[in-house]
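Novice: Start counting the sequence shown at 296; every next residue gets the next number (the numbering used here).
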Amino acid sequence: MSRIPVYNAADLQPHDLLWGMSPEQLTAAAPGWARERLALGDPVVVRRDANQPEQVAVGVRGLQRGQRFAGWMPASQVARRVQPEQIRQLKGAGTAVQATLDGIGQVFFGMAWGITGSHAFEALTGVKVTRAASDLDILLRLPELVSPEQAAGWLQQLAGLPVRVDIQVESGLGGFSLRDWAGSRSRVLLKTGTGALLTDNPWQTGGVA
Numbered sequence: 296m297s298r299i300p301v302y303n304a305a306d307l308q309p310h311d312l313l314w315g316m317s318p319e320q321l322t323a324a325a326p327g328w329a330r331e332r333l334a335l336g337d338p339v340v341v342r343r344d345a346n347q348p349e350q351v352a353v354g355v356r357g358l359q360r361g362q363r364f365a366g367w368m369p370a371s372q373v374a375r376r377v378q379p380e381q382i383r384q385l386k387g388a389g390t391a392v393q394a395t396l397d398g399i400g401q402v403f404f405g406m407a408w409g410i411t412g413s414h415a416f417e418a419l420t421g422v423k424v425t426r427a428a429s430d431l432d433i434l435l436r437l438p439e440l441v442s443p444e445q446a447a448g449w450l451q452q453l454a455g456l457p458v459r460v461d462i463q464v465e466s467g468l469g470g471f472s473l474r475d476w477a478g479s480r481s482r483v484l485l486k487t488g489t490g491a492l493l494t495d496n497p498w499q500t501g502g503v504a
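#1: Is Pro369 closer than 8 Å to Gln320 when the C-beta atoms are compared?
#2: Using only the alpha-carbon positions, how far apart do Phe403 and Ser413 sit?
#3: Measure the alpha-carbon distance for Leu468 versus Ser481 and round it to whole angstroms.
#4: Could you spell out where the alpha helix (DSSP H) holding Gly400 opens and where it closes?
#5: Start and end of the beta strand (DSSP E) containing Glu465?
#6: Using the DSSP secondary-structure output, state which residues sit across from Trp314 in a beta bridge.
#7: Suppose you measure from the CA of Arg343 to the CA of Gly354; what does that come to, to the nearest Å?
#8: Leaving out five residues on either side along the sequence, give the residues of the same chain with a beta carbon under 6 Å from the beta carbon of Ile458.
#9: What's the call for Gly421, buried or exposed, on a 16-neighbour Cβ count within 10 Å?
#10: Could you check the C-alpha separation between Ala365 and Leu484 for me, to the nearest Å?
#11: If the criterion is Cβ atoms closer than 8 Å, does the pair Arg408 and Ile433 meet it?
#12: State the beta-bridge partners of Leu485 as determined by DSSP.
#13: Any contact of the region 306 to 316 with the region 330 to 347, i.e. 3+ C-beta pairs under 8 Å?
#14: For Ala334, which of helix, strand or coil comes out of DSSP?
#15: Between Gly400 and Arg383, is the Cβ-Cβ spacing less than 8 Å?
#16: Apart from the five residues just before and just after Val373, which ones in its own chain have a Cβ nearer than 6 Å to its Cβ?
#17: By Cβ distance below 7 Å, which residues in the same chain neighbour Met296 in space, the five residues on each side in sequence not counted?
#18: Please return the same chain residues whose Cβ sits closer than 7 Å to the Cβ of Ser317, not counting the five positions on each side in sequence.
#19: When the Cα of Ser466 is compared with those of Gly387, Leu440 and Ala447, which residue comes out closest?
#20: Within 10 Å of its beta-carbon, does Leu493 have 16 or more other beta-carbons around it, so buried, or fewer, so exposed?
#21: Does DSSP put Met406 in a helix, in a strand, or in coil?
#22: Alpha carbon to alpha carbon, how far is Asp495 from Arg360? Give it in angstroms, no decimals.
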C-alpha cells in the first residue's frame, strides 16, 4: 500500500526540521558526510527556494561548521516535523543559555518565537554541534508591521543577556534580520523563496524596491 502524504510542500516552512529523508534521495553530487548523516536518521531543515511540485527544498547539516548540502525531499516522505515554536527550552543547556531563553521569553511574551540553528538541531538529535561561542538563533513570527524603533527597543532589552541572540523575523513574505530592521534607515534585505530583495517594508509586497 502506498504511503499517504501527511504534508504538502507548501505547508512546510523555512527552519522546520523534517525527518524521513533517505540517502537515496540525494543527488550523485552529495558528499559522503551528507549520506552518512541521513543514514543515521538526522533531520533536514527546510530552506528557502521555490518548491518544486510535491518536493520541498531542504538542507542537510554535517558535524562541521561548513558542512551544508542543499537537496530536495519528497513531501510525501516527511515522517515528522518540528517547527521552531515547538523548541523554547533546551534540556541540559548551561545556565547562561537557560537565562538567555528566560529573557527572550519575557521580551517576546505572547508572540510566536522559537529556537533554530545548531541549538535546535542538537536538542532534537543529541548530536553535539554547538560551541561555547555559538549564538542562540531565534525565529520570530511577526505577521504585522513592527517599527524599527520597536525592534530596537527589543534588542536593547536582549543586549544584556549572557548569550548573544541572532533573531530572524518571518513576516509572511519572507525572512529578515531584526537587527538590520532596527538599524534600517530606508531598506532591509528580505529573503524569499525566489531570492533576496531590498525593501522598505518587509510586510508589504509593494514595498519591495
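We treat Cβ as the ideally placed atom computed from N, Cα and C, and that holds for glycine.
Specialist: Working from what's here:
#1: yes
#2: Cα to Cα, Phe403 sits roughly 21 Å from Ser413.
#3: 18 Å
#4: Thr390 to Val402
#5: Val460 to Glu465
#6: Arg375
#7: 10 Å
#8: One detail in the question is off: residue 458 reads as Val in this sequence, not Ile. Closer than 6 Å at Cβ, skipping near neighbours: Ala391, Val392, Thr395 and Leu431.
#9: exposed
#10: Straight-line spacing of the CA atoms in Ala365 and Leu484 works out to 22 Å.
#11: Sequence check: residue 408 is Trp here, not Arg. Yes, the pair counts as a contact, with Cβ atoms nearer than the cut-off.
#12: Residue pairing from DSSP places Leu485 in a beta bridge opposite Leu492.
#13: The region 306 to 316, when compared against the region 330 to 347, does touch it at the 8 Å Cβ threshold.
#14: Helix at Ala334.
#15: yes
#16: Excluding residues within five positions, the ones whose Cβ falls inside 6 Å are Tyr302, Leu313 and Gly315.
#17: With a pLDDT of only 49 at Met296, under the threshold of 50, the placement of this residue in the model should not be trusted, and no figure is reported.
#18: Non-local C-beta neighbours of Ser317 in its own chain, meaning closer than 7 Å and more than five positions away in sequence, comprise Leu333, ordered along the chain.
#19: Leu440
#20: Per the 10 Å Cβ criterion, exposed.
#21: DSSP places Met406 in coil when its eight states are reduced to three.
#22: Going from the Cα of Arg360 to the Cα of Asp495 covers about 33 Å.
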